[in-house]
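Notes follow the structure.
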Amino acid sequence: MSLLVTGSIGVDTIETPFGKRENVIGGSAIYFSYAASFFTPVRLVGVIGPDYPHDLKTVFKTRDVDLAGLEVRAGSKSFRWHGSYVHNMNEAQTLSVDLNVLAEQAPKIPDSFLDSKHIFLANTHPKLQQDFLSKLANRKLVVADTMNYWIESAKPDLLDLLKKIDGLVLNDGEAKLLTGEKNMVSAAKAVLKLGPKFVVIKKGEHGSLAAVGDQVVVLPAYPAEVVIDPTGAGDSFAAGVMGYLATQNSFSPSTLRRAMAYGTVVASFTIGGFSLEGISRATREEIDERWDELKRTISF
Ligand code: AMP
926 MSLLVTGSIG
936 VDTIETPFGK
946 RENVIGGSAI
956 YFSYAASFFT
966 PVRLVGVIGP
976 DYPHDLKTVF
986 KTRDVDLAGL
996 EVRAGSKSFR
1006 WHGSYVHNMN
1016 EAQTLSVDLN
1026 VLAEQAPKIP
1036 DSFLDSKHIF
1046 LANTHPKLQQ
1056 DFLSKLANRK
1066 LVVADTMNYW
1076 IESAKPDLLD
1086 LLKKIDGLVL
1096 NDGEAKLLTG
1106 EKNMVSAAKA
1116 VLKLGPKFVV
1126 IKKGEHGSLA
1136 AVGDQVVVLP
1146 AYPAEVVIDP
1156 TGAGDSFAAG
1166 VMGYLATQNS
1176 FSPSTLRRAM
1186 AYGTVVASFT
1196 IGGFSLEGIS
1206 RATREEIDER
1216 WDELKRTISF
């Protein structure tokens, strides 16, 4: 069983109260793949330009991530993002974004990936997410992420996408922007009316809230003391959720609650360092330890 992901592969410049890192590895598909590989083998589809400054084969050397779908597009340039958390560790301020290769056609899905059943559409243009999905005839569980940038610039494409997926993961600000609802329970219910069978709303250090059918699930975040760089927390959260769901073949409220607990724990590793430094220090045993700890923390 494998989990197929497509999304951005980025060259990030990140500023937080702990410093600045230039041209580090980033992108939604990168964080997702690394984090999901603690749960299940991952197949990555993404595109970079020849200018990409990191060797992704080395980055994923110790992880079960199949890079057959990594395209290095001649004559193109890699996606770049410059974000700051200096004023608010809960929300990235985008200082600049160069879509470059993300504004072009989607990367090709290798034939060996076409039988994939579990699909995660990490954050990228919703049109690319839809094109991608249309090629996967065996899909069983499809979950997507999105962000304010796409809600504002490509809403019709996003609304089309929502009719074709099982689950949507987004943060509280994005849920407000998408639905116009200020209350998160109302926002979650409004998202379900747009198509998905379940929705998980991330609330940063305040945890997460999900709606599935007529049930609502809430979970606090793992009480992390060290937050160095929140970049990738959302993708890592989604990876824990989707990685676990992919092994369960269900998204019942109780399965979803356990999945969200894995998401929050995986994200707690990512935020412990810049770029992939935090998550690359984690082991599956430590993830399970924190999961048990979170469970103890919230049982009453
Ligand atoms: P998050 O998990 O939400 O913190 O995602 C962080 C990653 O999203 C960064 O590594 C960026 O490279 C990537 N990113 C930022 N803006 C966009 C965008 N508009 N589309 C796709 N990926 C993005």
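My numbering numbers the first residue of the sequence shown as 926 and each following residue consecutively. Where is the CB? At the ideal position from N, CA and C, for every residue including glycine.
>> Nearest by alpha-carbon distance to A1163: which of K1107, H1012, E1214 and Y1187 is it?
In response: Position 238 of the sequence shown, counting from 1, holds the residue named residue 1163. The shortest C-alpha separation from A1163 is found at Y1187.
>> If you follow the beta strand (DSSP E) that S898 is in, where does it begin and where does it stop?
In response: Here the chain comprises residues numbered 926 to 1225, so residue 898 is not present and cannot be evaluated.
>> Threshold first: 4 residues or longer. Then list the alpha helix (DSSP H) segments lying entirely within the segment 943-978, N to C.
In response: 953-961
> Could you give the C-beta distance for F1123 and V1110, rounded to a whole number, given that I count them as a contact under 8 angstroms?
Replying inline: Working through the sequence shown from its first residue, we reach residue 1123 at position 198. Working through the sequence shown from its first residue, we reach residue 1110 at position 185. With a Cβ gap of about 14 angstroms, F1123 and V1110 do not count as contacting.
>> By DSSP's criteria, G1120 is part of a beta bridge. Which residues make up the other side?
In response: Residue numbering aside, residue 1120 sits at position 195 when the sequence shown is read from its first letter. According to DSSP, which records beta bridges pairwise, G1120 is partnered with nothing at all.
> Within the present structure, is the beta-carbon of N1048 separated from the nearest heavy atom of the ligand AMP by less than 7 angstroms?
Replying inline: For the purposes of this step, residue 1048 is identified with residue 123 of the sequence shown, where counting begins at 1. At least one heavy atom of the ligand AMP is nearer than 7 angstroms to the Cβ of N1048, so yes.
> What residue from R1209, K1220, W1216 and R1221 has the CA that sits closest to D989's CA?
Replying inline: The residue labelled residue 989 in the question sits at position 64 within the sequence shown. Of the listed residues, the one whose Cα sits closest to D989 is R1209.
> In three-state DSSP terms, what is N1096?
Replying inline: For this step, residue 1096 is matched to residue 171 along the sequence shown. Strand at N1096.
>> The alpha helix (DSSP H) that contains Q1054, what's its start and end?
In response: Looking up residue 1054 in the sequence shown gives position 129. From DSSP, the alpha helix (DSSP H) with Q1054 extends over P1051 to S1059.
>> Short of 7 angstroms in beta carbon distance, which residues of its chain neighbour S1037, apart from the five on each side in sequence? Order them along the chain.
In response: What you label residue 1037 is simply residue 112 of the sequence shown in a count that begins at 1. If we look at S1037 and ignore the five residues flanking it on each side, its Cβ neighbours are A993.
> Are there three or more Cβ pairs, one per stretch, closer than 8 angstroms when the segment 1042-1061 is compared with the segment 1017-1034?
Replying inline: yes
> For R1005, which residues does DSSP report across the bridge?
Replying inline: Residue 1005 sits at position 80 when you count from the first residue of the sequence shown. In DSSP, R1005 forms a bridge with V936 and D1023.
> Can you list, in chain order, the residues of its chain whose CB lies under 8 angstroms from that of K1089, leaving out five sequence neighbours each side?
Replying inline: Residue numbering aside, residue 1089 sits at position 164 when the sequence shown is read from its first letter. Counting only Cβ-Cβ distances below 8 angstroms, and skipping sequence neighbours, we find Q1055, L1058, V1067 and G1120.
> Leaving out five residues before and five after L1144 in sequence, what residues of the same chain have Cβ atoms less than 7 angstroms from its Cβ?
Replying inline: Indexing the sequence shown from 1 puts residue 1144 at position 219. So the list reads G1132, S1133, R1182, M1185, A1186 and T1189, once near-sequence residues are dropped.
>> Taking the beta carbon of A875 as the centre, do at least 16 other beta carbons fall within 10 Å, making it buried, or is it exposed?
In response: Absent from the structure is residue 875, since the part of the chain shown begins at 926 and ends at 1225.
>> Check this for me: beta carbons of L1083 and K1060, under 8 angstroms apart or not?
In response: To locate residue 1083, count along the sequence shown from 1; it is residue 158. To locate residue 1060, count along the sequence shown from 1; it is residue 135. Cβ distance not < 8 angstroms, so L1083 and K1060 don't count as in contact.
> Does any heavy atom of the ligand AMP sit closer than 7 angstroms to the C-beta of V1141?
Replying inline: Residue 1141 sits at position 216 when you count from the first residue of the sequence shown. For the ligand AMP, not one heavy atom lies less than 7 angstroms from the Cβ of V1141.
> What is the residue span of the beta strand (DSSP E) that F1045 lies within?
Replying inline: As a position in the sequence shown, residue 1045 is number 120, starting the count at 1. Residues H1043 to L1046.
> Candidates I955, S1009 and L928: which alpha carbon is nearest V1270's?
Replying inline: Residue coverage of the chain in this structure runs from 926 to 1225, which leaves residue 1270 outside it and unanswerable.
> Going by C-alpha distance, which of A1031, K1107, S958 and N1063 is nearest V1167?
Replying inline: Your numbering for residue 1167 matches position 242 in the sequence shown. It should be noted that the sequence gives Met, not Val, for residue 1167. Checking every option, the nearest Cα to that of M1167 belongs to S958.
>> Tell me whether Y891, by its Cβ, gets closer than 7 angstroms to a heavy atom of the ligand AMP.
In response: There is no way to answer for residue 891, as the model of the chain reaches only from 926 to 1225.
>> Does the contact criterion of 3 or more C-beta pairs under 8 angstroms hold for the segment 1191-1207 versus the segment 993-1006?
In response: no
>> Using only the alpha-carbon positions, how far apart do W1075 and I934 sit?
In response: Within the sequence shown, numbered from 1, the residue matching residue 1075 stands at position 150. Within the sequence shown, numbered from 1, the residue matching residue 934 stands at position 9. Cα to Cα, W1075 sits roughly 16 angstroms from I934.
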